[in-house]
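Residues in the sequence shown are numbered from 10 upward in steps of one, following my numbering. By construction, the Cβ of each residue, glycine as well, lies at the ideal position given by its N, Cα and C atoms. Below is one structure, written out as structure tokens, with a few remarks after it.
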Amino acid sequence: MADRKIISKETEVSEAVYGLNETLFHNANGYIGVRGCLEEGVPEGFDTMRGMYINGFYDIIPMKQAENLCNFVEEKQTMLNVADTQTIYLYIGDEKFTMTEGTVLKHQRTLDMDAGITIREVIWRSPKGKEVSICIKRMTSFEQLSLFTMEYQVTSLNFDGKITWESYHISDVTNYSNANDPRLAAESEKYLESQVLSAESGKSLSVSWTVKSGLTMCAAVSHRVRGEVLVENTVQQEGTTVVYQVSVNVQKDQAVTLGKYTVFTDSVHSDNPPEDAKAQMQAAWDQGLDYFYQKQRAYLKHFWHHSEMEIIGDAGMNQAVSFNMYQLLQSAARNSNCNIAAKGLSGEGYEGHYFWDTEMFMIPFFTLTNPELAKMLLTYRYDSLDAARKNARLLGHQKGALYPWRTITGEECSGYFPSGTAQYHIDGDIAYALVQYCLTTGDYEFIKEKGGEIIIETARLWLDVGNYSDGRFVINDVTGPDEYTCMVNNNYYTNCCAKYNLNWAVTAYELLKEKNEIAPLVQKIGITEEEILQMKQAAAAMYLPYDEKQKINPQDDSFLSKPVWNLKETPADKFPLLLHFHPLHLYRYQVCKQADTVLAYFLFEDEQSPEVMKRSYEYYEKITTHDSSLSTCVFSIVASRLGMEEKAYEYFGDSAKLDLENTHNNTKDGIHTANMGGCYMAIVNGFAGLRINQDGAALAPFLPQAWEGYRFKFRYRGNLIQVIVADRQVTVRLEEGGSLEIAVYGEKYLLQPGEAVTLDVKSSDI
Ligand code: BGC
Numbered sequence: 010m011a012d013r014k015i016i017s018k019e020t021e022v023s024e025a026v027y028g029l030n031e032t033l034f035h036n037a038n039g040y041i042g043v044r045g046c047l048e049e050g051v052p053e054g055f056d057t058m059r060g061m062y063i064n065g066f067y068d069i070i071p072m073k074q075a076e077n078l079c080n081f082v083e084e085k086q087t088m089l090n091v092a093d094t095q096t097i098y099l100y101i102g103d104e105k106f107t108m109t110e111g112t113v114l115k116h117q118r119t120l121d122m123d124a125g126i127t128i129r130e131v132i133w134r135s136p137k138g139k140e141v142s143i144c145i146k147r148m149t150s151f152e153q154l155s156l157f158t159m160e161y162q163v164t165s166l167n168f169d170g171k172i173t174w175e176s177y178h179i180s181d182v183t184n185y186s187n188a189n190d191p192r193l194a195a196e197s198e199k200y201l202e203s204q205v206l207s208a209e210s211g212k213s214l215s216v217s218w219t220v221k222s223g224l225t226m227c228a229a230v231s232h233r234v235r236g237e238v239l240v241e242n243t244v245q246q247e248g249t250t251v252v253y254q255v256s257v258n259v260q261k262d263q264a265v266t267l268g269k270y271t272v273f274t275d276s277v278h279s280d281n282p283p284e285d286a287k288a289q290m291q292a293a294w295d296q297g298l299d300y301f302y303q304k305q306r307a308y309l310k311h312f313w314h315h316s317e318m319e320i321i322g323d324a325g326m327n328q329a330v331s332f333n334m335y336q337l338l339q340s341a342a343r344n345s346n347c348n349i350a351a352k353g354l355s356g357e358g359y360e361g362h363y364f365w366d367t368e369m370f371m372i373p374f375f376t377l378t379n380p381e382l383a384k385m386l387l388t389y390r391y392d393s394l395d396a397a398r399k400n401a402r403l404l405g406h407q408k409g410a411l412y413p414w415r416t417i418t419g420e421e422c423s424g425y426f427p428s429g430t431a432q433y434h435i436d437g438d439i440a441y442a443l444v445q446y447c448l449t450t451g452d453y454e455f456i457k458e459k460g461g462e463i464i465i466e467t468a469r470l471w472l473d474v475g476n477y478s479d480g481r482f483v484i485n486d487v488t489g490p491d492e493y494t495c496m497v498n499n500n501y502y503t504n505c506c507a508k509y510n511l512n513w514a515v516t517a518y519e520l521l522k523e524k525n526e527i528a529p530l531v532q533k534i535g536i537t538e539e540e541i542l543q544m545k546q547a548a549a550a551m552y553l554p555y556d557e558k559q560k561i562n563p564q565d566d567s568f569l570s571k572p573v574w575n576l577k578e579t580p581a582d583k584f585p586l587l588l589h590f591h592p593l594h595l596y597r598y599q600v601c602k603q604a605d606t607v608l609a610y611f612l613f614e615d616e617q618s619p620e621v622m623k624r625s626y627e628y629y630e631k632i633t634t635h636d637s638s639l640s641t642c643v644f645s646i647v648a649s650r651l652g653m654e655e656k657a658y659e660y661f662g663d664s665a666k667l668d669l670e671n672t673h674n675n676t677k678d679g680i681h682t683a684n685m686g687g688c689y690m691a692i693v694n695g696f697a698g699l700r701i702n703q704d705g706a707a708l709a710p711f712l713p714q715a716w717e718g719y720r721f722k723f724r725y726r727g728n729l730i731q732v733i734v735a736d737r738q739v740t741v742r743l744e745e746g747g748s749l750e751i752a753v754y755g756e757k758y759l760l761q762p763g764e765a766v767t768l769d770v771k772s773s774d775i
């Protein structure tokens with residue numbers, strides 16, 4: 010297995026490359042995220058998002074509604090940039106190191122996904138001819154989540170003399186904004202008040218509090234120098250900034266190092282952030298960097314052991330899939346106070362909000378590789394069930410829970426309801442992820458303690474929002490995943506989700522009843538046999554639109570009556586359409602931002618015949634722009650399932666390197682985390698055809714023509730399974746666990762630990 014490394018040679022001083030690499034080389038551990046900004050700052054006039062974030066730490070800001078209609082959202086949460094402790098200036102004698110002065114002989118960044126660090130290497134010749142080699146390692150620790158470290162090493166290549174670091178701890182920071190892009194905050198206000206609590210001998214502690222949400226966070230900074238210190242100084246500026254200045258003596262070919270530790274704590278996760286920050290800084294300081302490097306490696310060894318995936322003979326693709334999995338790991342919350350933002354912790358796009366992206370695109374990866382994290386993410390939804398109940402009442406529903414379209418703490422933060430709140434499918438998405446988690450892990454306790462309540466409360470919502478019309482259960486005025494078509498009746502995807510949700514609520518209820526464990530739930534939420542019967546009936550009568558003429562599933566009742574958008578004649582610079590056309594204009598056309606009905610074919614494939622799905626697929630393919638990054642991966646999976654192998658590979662290619670190649674042109678605002686999960690699914694659920702349902706686990710792999718082979722591991726019911734598809738054969742091995750029954754191409758095999766079954770590879774079929 011090749012080293013998992015991403016290397017970027019930054020040969021020119023470029024705003025675009027710096028912006029992109031701030032994202033690609035960010036460090037995160039599910040709790041904190043640090044953009045990969047240049048320590049010394051970008052050249053004058055360059056755009057930069059200089060951010061450090063805490064997952065789930067937010068302020069509340071007014072939601073400006075043009076017309077404040079009844080029960081509209083009045084406020085929203087926004088993730089905050091909490092501090093800047095990544096700024097460090099370097100002076101060689103009296104010459105300041107920058108990328109625009111002197112000569113940059115080398116500039117390279119590496120993300121080492123086995124070591125869990127990023128490395129920046131520079132060879133610089135100063136205007137006066139002094140040469141240094143610089144190596145800066147950064148890490149957000151998986152061992153101690155509050156800890157971010159920087160190790161700034163300077164080696165003199167041709168002189169003896171003095172070098173000086175000026176290292177900053179800035180607590181007075183603001184968020185990034187861009188008024189022209191709806192995916193970013195429109196204005197950047199000051200949300201944090203801050204104050205330095207102490208600053209001496211290279212150590213400082215600051216506290217900041219949010220203006221509205223009443224939250225507090227602390228940053229503690231400490232420095233450790235390796236080298237002969239000539240003079241050092243810790244100065245406080247303007248009450249909110251601390252500068253630690255240290256000069257050291259350096260000889261030719263000698264290296265000196267500044268170690269900088271930052272610890273973040275906050276009142277969402279701690280009762281006493283300042284005390285915790287001090288204690289955690291002390292603990293980090295006592296252990297030292299080498300200890301954390303070792304722990305980081307060990308953590309990742311464990312992670313890769315369960316998540317290993319290799320594209321045999323394709324180094325570039327290998328890097329891409331590893332990168333995507335690594336980013337998912339960096340982004341996922343480690344406790345149930347928070348979740349995974351659409352951009353992870355890599356940037357401020359979508360304001361740090363959590364969407365359906367988590368359940369439909371990211372949890373599947375964790376369910377199959379790190380089920381403990383999947384459970385944590387689902388627990389977050391359980392903990393915000395009360396907020397979802399309140400949200401349902403605001404929207405006029407007497408019963409049930411409606412999860413918000415975008416949120417941090419569970420309240421709706423979407424201001425534009427047609428493509429936000431109206432996406433009721435989020436309830437079904439959560440139910441789907443939950444059922445998949447339980448089927449994959451066999452975690453009955455989760456159903457009993459939390460899952461049963463979520464699934465019944467969401468099912469109740471469907472009973473309330475839908476109604477019978479001509480004997481069919483219909484759901485009107487909702488929006489499906491495709492945000493270019495809003496407020497429609499009977500969105501095919503939504504109705505499938507609702508049906509699934511209702512059916513599984515019945516199953517969960519019956520399971521708990523059978524085990525004599527339904528009483529607490531009955532007592533808590535008053536679920537009745539009558540309601541369960543209604544759920545069964547509504548699911549059975551659920552209307553799924555079908556067009557007799559074209560023999561496809563219309564996306565909704567009115568979809569096929571609209572004119573088809575002329576995509577061929579739309580100039581390339583008019584994409585994404587959402588930035589160039591009024592939404593209402595888009596709604597009146599058959600044009601899709603992303604997979605909608607096609608996504609339903611992946612999740613609910615038993616609802617239609619392969620012929621109908623194929624015809625529909627081809628129909629939607631022609632009118633889908635993939636302006637959302639959540640789209641091509643889904644088209645890939647469904648193409649695999651329908652036996653269109655080449656197409657599957659093509660769409661997969663668009664998805665796999667989306668961020669590494671910046672194909673959506675906005676990776677600088679943050680990674681596309683959902684797509685990363687989608688890329689994983691395109692291999693595992695698409696190429697390898699993995700399905701997990703009540704009948705068990707089943708595989709039906711094919712090998713994309715362009716590949717020599719691929720292999721991956723996944724977990725199922727306590728077992729670790731390895732799948733290798735290479736040399737025209739598929740091998741399924743039970744690596745760890747008890748015993749495993751698994752179907753391959755429809756035949757069931759029983760494997761004991763260490764045993765494998767090897768078969769000839771077939772072409773995919775449904
Ligand atoms: C997509 C949504 C997605 C959101 C956050 C939008 O562009 O249309 O489906 O949830 O981005 O990733």
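What's the gap between the Cα of residue i and the Cα of residue j?
i: Phe374; j: Arg44; result: 24 Å
i: Leu729; j: Asp452; result: 16 Å
i: Ser23; j: Gln617; result: 51 Å
i: Asn525; j: Val770; result: 45 Å
i: Val251; j: Val244; result: 6 Å
i: Ser340; j: Gln738; result: 35 Å
i: Lys656; j: Cys688; result: 14 Å
i: Thr87; j: Glu104; result: 40 Å
i: Tyr161; j: Asp736; result: 47 Å
i: Ile775; j: Glu202; result: Reliability fails at Ile775, whose pLDDT of 42 lies under 50, so the model's placement of it is uncertain and no value is given.
i: Met496; j: Ala604; result: 17 Å
i: Asn30; j: Lys14; result: 14 Å
Does the beta-carbon of residue i, which I'm using as the reference point, lie nearer than 8 Å to any heavy atom of ligand 1?
i: Leu639; result: yes
i: Asp280; result: no
i: Ala396; result: no
i: Phe644; result: no
i: Tyr598; result: no
i: Trp365; result: yes
i: Gln603; result: yes
i: Tyr359; result: yes
i: Pro71; result: no
i: His35; result: no
Which first and last residues belong to the beta strand (DSSP E) in which residue i is found?
i: Arg129; result: 126 to 134
i: Met148; result: 140 to 149
i: Leu156; result: 156 to 165
i: Glu202; result: 201 to 209
i: Ala735; result: 728 to 735
i: Gly489; result: Segment: none, Gly489 is in no beta strand (DSSP E) and carries neither H nor E.
i: Thr271; result: 264 to 275
List the endpoints of the continuous alpha helix (DSSP H) containing residue i.
i: Ser340; result: 324 to 340
i: Met690; result: 682 to 690
i: Val607; result: 606 to 612
i: Lys508; result: 501 to 523
Notebook entry, point to check: What residue ranges within the stretch 346 to 398 form continuous alpha helix (DSSP H) runs of no fewer than 4 residues, ordered along the chain?
Noted result: For the stretch 346 to 398, whole alpha helix (DSSP H) runs of length 4 or above, ordered along the chain, are 372 to 378, 380 to 392.
Note to self: When you compare the stretch 133 to 140 with the stretch 31 to 49, are there three or more beta-carbon pairs, one atom per stretch, that lie closer than 8 Å?
What the structure shows: no
Note to self: Between the stretch 640 to 647 and the stretch 571 to 586, can you find at least three pairs of beta-carbon atoms closer than 8 Å?
What the structure shows: Flag = no, the stretch 571 to 586 and the stretch 640 to 647 do not touch.
Note to self: Closer than 8 Å is the cut-off here; do at least three beta carbon pairs connect the stretch 658 to 677 with the stretch 718 to 726?
What the structure shows: no
Check: Does the stretch 50 to 58 come within contact of the stretch 162 to 174, defined as at least 3 CB pairs closer than 8 Å?
Finding: Note that the stretch 50 to 58 does not touch the stretch 162 to 174; fewer than 3 beta-carbon pairs, one per stretch, sit closer than 8 Å.
Notebook entry, point to check: Do the stretch 326 to 341 and the stretch 187 to 194 meet, that is, are 3 or more Cβ pairs less than 8 Å apart?
Noted result: no
Next item on the list: Indicate whether the contact test is met: 3 or more Cβ pairs, each with one atom in the stretch 10 to 19 and one in the stretch 110 to 124, closer than 8 Å.
Entry: yes
Item checked: beta strand (DSSP E) runs contained entirely in the stretch 11 to 44, provided each spans 3 or more residues -> Counting only runs of 3 or more, we get 14 to 18, 41 to 43.
Notebook entry, point to check: Between the stretch 456 to 472 and the stretch 441 to 448, do at least 3 Cβ pairs fall closer than 8 Å?
Noted result: yes
Margin query: Can you confirm whether the stretch 261 to 275 touches the stretch 122 to 132 when touching is taken to mean that 3 or more C-beta pairs between the two stretches lie within less than 8 Å?
Written below: no
Note to self: With three or more C-beta pairs closer than 8 Å as the rule, is the stretch 704 to 715 touching the stretch 752 to 767?
What the structure shows: By the Cβ criterion, the stretch 752 to 767 is in contact with the stretch 704 to 715, since at least three pairs of Cβ atoms, one from each stretch, lie closer than 8 Å.
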